[in-house]
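Residue numbers (the numbering used here): 112 to 313. Where is the CB? At the ideal position from N, CA and C, for every residue including glycine. Below is one structure, written out as structure tokens; comments come after it.
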């Protein structure tokens, strides 16, 4: 019992300092449990995961939020000069939703957006397997709540989302460009500089 108490105290200290350990175990009745504190000593098989090493989006998050991120990661697709995209980003930030942002600014980005199920309406949000084109506060909040994201922000004050990246990775774009180097691209298929891709609406 004394050893068990010492282990519990040590785990709590580690958890406080590193946002730390997530425990998963299966009870005798078959129920799977997750906790940021160690399971009862009667449980023999326990899986441990250090949340701080789970990647940039899930690093150092409170238990409930980390579990939501792992089960239903959030990705936001945006483009330049898009007020609806700004509103979407503001909602996610205000609610404390960790998310990855993908920007859509050229034909390769558009192709990638369509691959993941998007259409020509931005912003486009994915929450796990669920998707939503266009920004609507109520429907977005409903989708996030259904994915077990907290209603109000639980993000640590030091948390920062990863920097936005192009929907189509640059390396892939360069490889594609090299294969069509001797072919002329119709000028009307390219997005106008500083504007949203052609045909997109907000």
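Residue i vs residue j beta-carbon contact at 9 Å
i	j	result
residue 186	residue 210	yes
residue 151	residue 267	no
residue 188	residue 245	no
residue 222	residue 277	no
residue 254	residue 272	no
residue 270	residue 171	yes
Nearest to residue i (by Cα), restricted to the options the options
i	options	result
residue 201	149, 252, 137, 143	252
residue 264	152, 176, 142	176
residue 207	221, 149, 179, 277	179
residue 314	234, 156, 215	No statement about residue 314 is possible, as the shown extent of the chain runs from 112 to 313 and does not include it.
residue 257	212, 232, 183, 193	183
residue 262	156, 142, 205	205
DSSP-derived helix/strand/coil call for residue i
i	result
residue 256	helix
residue 199	helix
residue 138	coil
residue 250	helix
residue 277	strand
Straight-line Cα distance separating residue j from residue i
i	j	result
residue 237	residue 144	27 Å
residue 199	residue 140	43 Å
residue 220	residue 214	7 Å
residue 96	residue 203	This structure gives no information on residue 96, because the portion of the chain shown stretches from 112 to 313.
residue 239	residue 153	35 Å
residue 216	residue 193	11 Å
residue 249	residue 243	12 Å
Interface flag, residue i vs chain D, CB-CB below 9 Å
i	result
residue 272	Considering every chain present, this structure includes no chain D. It has just one protein chain.
Next on the checklist: For a minimum of 4 consecutive residues, which ranges assigned as the alpha helix (DSSP H) are wholly contained in the segment 187-243?
Outcome noted: Note on the segment 187-243: whole alpha helix (DSSP H) runs with a minimum of 4 residues are 194-206, 218-226, in chain order.
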